[in-house]
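Notes follow once the structure below has been shown.
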């Protein structure tokens, strides 16, 4: 049986503290595995960096975990980045046909606490049909 623990992933942002899920016997959390894996694949390097910037900058520094950025519901979690256009002041965040999903959970609908999981490649119209996401 796998046991998991929550560890602080980033607590230096102004608007949000991020936690990550780690297998109890692993030195690397699931979120770091996700970013390391897809950053190493040339085709996904740019989207990986865009997603990391979205998490750290847009959520962590600028807006927090607001409803507009957490609107891609996937059962009990949310897929990042957001779905559709998010107009936040002078900034519009829009990720049409974005190839990656990172799963997250906003803790008790607080805009300042987020648990990050793992994710994968969105290769089909639905996550269930995407072979890299259907088990996540």
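In this note's numbering, the protein residues as written are 255 to 390.
For each residue, glycine too, the CB sits at the ideal point set by N, CA and C.
Nothing here was measured: the structure is a model prediction, and the numbers come from that model.
Check the Cβ-Cβ distances between residue i and every residue of chain C, and say whether any is below 8 Å.
i	result
residue 374	The structure shown has no chain C; it contains just one protein chain.
Can you tell which of the options has its C-alpha closest to the C-alpha of residue i?
i	options	result
residue 307	349, 361, 367, 374	349
residue 264	367, 333, 287, 378	367
residue 299	347, 375, 261	375
residue 341	364, 317, 259	317
residue 344	363, 312, 271	312
residue 363	322, 339, 353	322
residue 304	280, 330, 334	334
residue 281	382, 258, 297, 302	258
residue 269	296, 309, 292	309
residue 301	356, 274, 384, 382	356
residue 213	354, 380, 381, 383	Because the chain in this structure spans residues 255 to 390, residue 213 falls outside the shown range and cannot be described.
Since residue i is in the beta strand (DSSP E), which residue starts that stretch and which ends it?
i	result
residue 264	258-264
residue 371	367-375
residue 341	340-342
Put residue i into one of helix, strand or coil per three-state DSSP.
i	result
residue 323	helix
residue 352	coil
residue 296	helix
residue 362	helix
residue 385	coil
residue 379	coil
residue 269	coil
residue 278	coil
residue 328	strand
residue 314	helix
Q | Inter-stretch contact (C-beta, 8 Å, three-pair minimum) for the segment 355-373 and the segment 269-288 | A | yes
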